[in-house]
Each structure stands twice: as structure tokens, then as C-alpha cells.
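Residue numbers (this note's numbering), protein chains in the order written: chain A, 105 to 286; chain B, 105 to 286.
Note sheet for the following structure.
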DNA sequence: CGTTGCTGTGCAACTACATGCATAACCGGT
DNA sequence: ACCGGTTATGCATGTAGTTGCACAGCAACG
């Protein structure tokens, strides 16, 4: 139910076409809420029906026309209403955790490999976040009010990835102590 | 796609009825993979069709009959096959993160409240996990092989909740420094 | 001159999951 | 005698999201 609101936030920052939004979801926002372009187009249609956004067809030289969506006052009201209500607590849902519990019944070596792959993925994302933080927020002690949200989200990502690495290391320590020390 | 496998893991540990499984999902397993009883019954039906499980009707004095499901050799093969394949990396999906990015456009006080609610939820779950760890794994340096998976999953939960609390504290420090110090 | 890749929008089919409802018997309390 | 709770199984409907496919023009590369 949050895709609508993620789109509203994005449009509040800057009006955009569905294609633009899809790219934003591939980049910054998408690290915390993924959406395919198909899904975005579908939801944008619904949002226009609800009066939260309006679209304008913009012709472009050479390139295909695009529909630029703009948030309406009704959309801004909806966004504020949404922030005023409590966020339902989302609990973990980890296929990886299920796999760990399957350890006694499964392929031990493959699972250990899986942990290593996972650790690498965490490290890569951590590096990406650290880089983003350094680039977009070089001085985190002196942020503009409109920067605080983005910074805090990035911090959450960094903390989560660091924790993921710690967990993987604990797992590897248990399952393959020699391989870990090497 | 992992509900089938979560059920297989659970049945590998002990045969059970749909009702029993639903209760297990409410308790231990469910902290990392939730499922309603409706969903469980539906998936059990499909799994029986695929030959991964077999059911036997058991009459009970007084109480309603129950269908006890037992994992078949084909089910065990499937479980092992599943563990041998890499787990797709699941990325974060946090409505809460979206809400943080909505800070400049939303209800500031309500969002701060939301962080506090969230922090409390993390603390409660952390306490629950810590309690489970103390009760079921009193001596974590000396675990039986079949206990390692459960222990590691619990460790993951503990690490995740601790990180959640740290994140909430960072957020409150930024958004409401006076309220935090009090 | 063909292939690949980017920009741009969208439909159709399917799956997983949530929500609401239905049924049925037994047990304990007021 | 009625009410609520527990055990036990399931259907029916709806929604969010995934996957696959389609169309269209332009640019760059070999």
C-alpha cells in the first residue's frame, strides 16, 4: 500500500514521468522500496483516477512523447494524512532464515556458499551506501531540513548492511571456522 | 515461494496437522516467515498434489478429526534440492523508510511518535528473542548439530532488533534531541 | 545496413497473500 | 441455558506484485 506514497514523495520532490520514476526506483528510493515500471504505470493510472496526480503530455524532439505527472493539492493532502497515521510494523520475512533452519536436512556446503554470496552482496551495498553518503551528504552534522529524511534512510541502510555482515560472519564462524580464519 | 519449504522444514522436524503448523508459525518460525492458517491449508493441498507430503486422517476423542501431514521421500528430495540452490537476495522493503523521506511534506510530530512506537516494538521483540535464546539454548558454545540452525536464526533476529533500536535512537537524536535526553 | 541499446508507455496472465466468512463439536463459566 | 474460547478445516473474493510480451522511434557501433 506504500507504493502510492513512495511515488507521491518522489513527485513532491520533483514532477516526473513514469519512466523517470522507474529510474528513481532503480536508484535511490529503490534501495528501500522496489517497483517495476509496469507496476508504476498501473499505480499512476489509479492515482490519476483518485485525483492525487495530474498528467500532461510533453512532446520531445526525436524521443517519444512522455506523460509528466504532477502532484495535486489532493495528493499533498493524502501524503500528509498518510504520514499522520502510524506505520504498521513490518516483521522480517527471510527465506534465508528458513534455509538456515533447514541445515540438518539440506546441502551443508551449498548453504555455506550461500552465506558467502550473501556476505558479498551486503558488502557491495554497504560500499554503495557509504559512497552515496559521502557524495550527497559530505557534512552530515550540518544538513538542510529537506536533507534529513534522505540521510536517515541512508543511515538505516548502512546499519542494516553492517548488521547483515556481522550475522554472516557469526554464521561462518559456526559452520566453517577454518574457512573463516583463512 | 518459501512457504512450501518452511512447511517442509517444520514437517521434517515433526509431522503435524495444518492447525499445528499454523501455531508453529505463530511462535518460533513465524518470527521470520509469517503465514495464516488459510494460506497453510492451501499450500498443504498443493504440496500433497505434488507428492511432497502425505496426509492421514486421525480421529480424536471429543475433538474434531485432524489431518496429520507427513513429509514423503520426494518432499525430502525437494527440500535438499532447494537448499542446494542459491537463495535470491532479498532487498529491504520498508514503508517506514518511505515515511522518513516524506518528512518535509508530512506530519513531523506524528512521524516522531511513529519512531518511538517502532523503537518499543523492537525492544519487545528483542526481549522475546533474548528470552527464547536463554531458554532453548542455555549453553550456546555447546550446541547439538540440529540446534545450530535455530540458534543462528535467533542470533539474526537479535542482531536485527538491536540494529533497529540503534537506528531509532539516531533518528530521535536528529529529530527531537531534547525529547531523547529526557 | 543490421543489431543492440535507450527512451517511453502499456496490456495480459499469473502468483502469493490478505481478509472475510462458514462450519462444527466440545468445554468451562455465569 | 447461553456465551465465549479452543480445536479443526476450508472457501471465496480481492489486491499487490511478478513475469512476459508488445509497440515505437532514435542513436551509436560495427
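Glycine is no exception: its CB is placed at the ideal position from the N, C-alpha and C atoms.
Looking at the DSSP output, residue 170/A sits in a beta bridge with 162/A. Within chain B, the C-beta atoms nearer than 9 Å to that of residue 183/A come from 206, 209 and 210, in chain order. Annotation for residue 271/A: the continuous alpha helix (DSSP H) segment containing it runs 249 to 279. CA-CA distance, residue 163/B to residue 171/B, rounds to 9 Å.
By the CB criterion at 8 Å, residue 266/A and residue 259/B fall outside the cutoff. The secondary-structure analysis by DSSP pairs residue 120/A across a beta bridge with 173/A. If you check each beta-carbon in the segment 190 to 205 of chain A against every beta-carbon of chain B, the ones closer than 7 Å belong to 190, 191, 193, 194, 195, 196, 197, 198, 199, 200, 201, 202, 203, 204 and 205. At a cut-off of 4 residues, the continuous stretches assigned as alpha helix (DSSP H) that sit fully inside the segment 189 to 246 of chain A are 199 to 205 and 212 to 240.
Think of a sphere of 7 Å around the beta carbon of residue 187/A: the chain B residues whose beta carbon falls inside it are 203, 206, 210, 211, 214 and 215, in chain order.
Residue 113/A reaches chain B at 202, 205, 206 and 209, counting residues in chain order whose Cβ is nearer than 8 Å. Check the Cα spacing between residue 212/B and each of 184/A, 281/A and 239/A: the tightest is with 184/A. Counting only residues of its own chain and dropping the five nearest sequence neighbours on each side, residue 147/B has a CB closer than 7 Å to the CB of 107, 108 and 111. At the C-beta level, residue 157/B and residue 173/B come within 8 Å of one another. About 7 Å separates the beta carbon of residue 261/A from that of residue 136/A, a gap short enough to meet the 8 Å contact definition. A contact is defined here as three or more CB-CB pairs under 8 Å, and the segment 191 to 201 of chain B fails this definition with respect to the segment 236 to 252 of chain A.
Distance from the CA of residue 208/B to the CA of residue 181/A, rounded to the nearest whole angstrom, comes to 13 Å. Identification of residues in the segment 119 to 144 of chain B having a C-beta nearer than 8 Å to some C-beta of chain A yields 133, 135, 136, 137 and 138, given in sequence order.
Excluding its 5 nearest sequence neighbours in each direction, residue 133/B has C-beta neighbours in its own chain below 7 Å: 110 and 114, listed in chain order.
One finds nothing in chain A with a Cβ atom closer than 9 Å to the Cβ of residue 158/B; even the nearest lies about 17 Å away.
Contact between residue 218/A and residue 176/B does not hold, since their C-beta atoms are separated by about 25 Å, which reaches or exceeds 8 Å. Considering only 242/B, 179/B, 122/B and 168/B, the residue with the shortest C-alpha distance to residue 142/B is 122/B. Residue 113/B is not bridged by DSSP to any residue. Closer than 8 Å to the CB of residue 282/A there is not a single CB belonging to chain B. In chain order, 207 and 278 make up the part of chain A whose C-beta sits under 7 Å from the C-beta of residue 252/B. In this structure, the alpha-carbon of residue 153/B lies about 42 Å from that of residue 222/B. Residue 131/A counts as exposed, since fewer than 16 other C-beta atoms from the protein chains shown sit within 10 angstroms of its C-beta.
Chain order gives no chain A residues near residue 269/B, where near means a beta carbon separation below 8 Å; the closest approach is about 10 Å. Boundaries of the alpha helix (DSSP H) around residue 149/A: 141 to 153. Of all alpha-carbon atoms in 166/A, 140/A, 206/A and 255/A, the one lying nearest the alpha-carbon of residue 118/B is that of 206/A. Contact note: residue 174/A does not reach chain B at a C-beta cutoff of 9 Å; the least C-beta distance is about 14 Å.
A residue is called buried when at least 16 other Cβ atoms come within 10 angstroms of its Cβ; residue 189/A does not meet this threshold and is exposed.
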